[in-house]
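Heads up: the sequence shown runs through residues 653 to 785, numbered per the working numbering. Working notes, beginning with the structure itself.
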Amino acid sequence: METDLSALFDALAFDADGLIPAIAQQADTGEVLMMAWMNRDSLAETLATGHVCYWSRSRKSLWRKGESSGQVQTLVALRPDCDGDTLLLLVNQKGVACHTGRRTCFYREWGKDGFTVLMDPEISEAELYGKKG
653 METDLSALFD ALAFDADGLI PAIAQQADTG EVLMMAWMNR DSLAETLATG
703 HVCYWSRSRK SLWRKGESSG QVQTLVALRP DCDGDTLLLL VNQKGVACHT
753 GRRTCFYREW GKDGFTVLMD PEISEAELYG KKG
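In C-alpha cells, the structure reads:
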C-alpha cells in the first residue's frame, strides 16, 4: 500500500521555487556526504524507490543520484528538521558522493592560512563518469 505523502508535504516548508535543502549523511558513521535540493517529485520518488533522487537546479530536472556514475545512495531514514525547512537523509552511499571523486563534498577546511584539502579523490572524474582523455 502506497503511503499518502500529503501529511509529510504539509509539514515541510518548500521555498518559492518548490525546493527544500537535503543533507545526505552516511547512516552508519554519521559522515556528512553532501547537500542538494529536493522537490515534491524527487522526494516522492525517493520514498517510493528507496534510491535517493534530487532536483538539479542547473538542469531543471530530476537527478537520480548515481544514474550516470553508479555511486547510488540508498535511503535508510528521512528526518525533517524542527522547522520543516531542511531534510536530513540518512543513506548508505555506494562509492563516492562527490562529483570530484571524493567520499564527501566537504573535503576542504578553511583556516587562518586559507584552505586545507582534507582528502584526495578516490577515483578520477574521468573514471567516475566514463569520460575519455
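C-beta atoms are modelled at their ideal positions from N, C-alpha and C, and glycine is treated no differently.
* To do: Could you spell out the range, first to last residue, of the beta strand (DSSP E) harbouring F767?
  => Note, F767: beta strand (DSSP E), G766 to V769.
* Asked: In terms of alpha-carbon separation, which member of Q678, Q677 and M690 lies closest to A668?
  -> That would be M690, whose Cα lies nearest to the Cα of A668.
* Asked: Since M761 is in the beta strand (DSSP E), which residue starts that stretch and which ends it?
  -> Residue 761 is actually Glu in this sequence, not Met. Unbroken beta strand (DSSP E) run through E761: R760 to G763.
* To do: Please list, in chain order, all residues of the same chain as L664 whose beta carbon is under 7 Å from its beta carbon, the five residues on each side excluded.
  => Hits under 7 Å: I672, P732 and G736.
* Report the residue from L740, S721 and D680 whose alpha carbon sits nearest the alpha carbon of Y781. => Of the residues L740, S721 and D680, the one whose Cα lies closest to the Cα of Y781 is S721.
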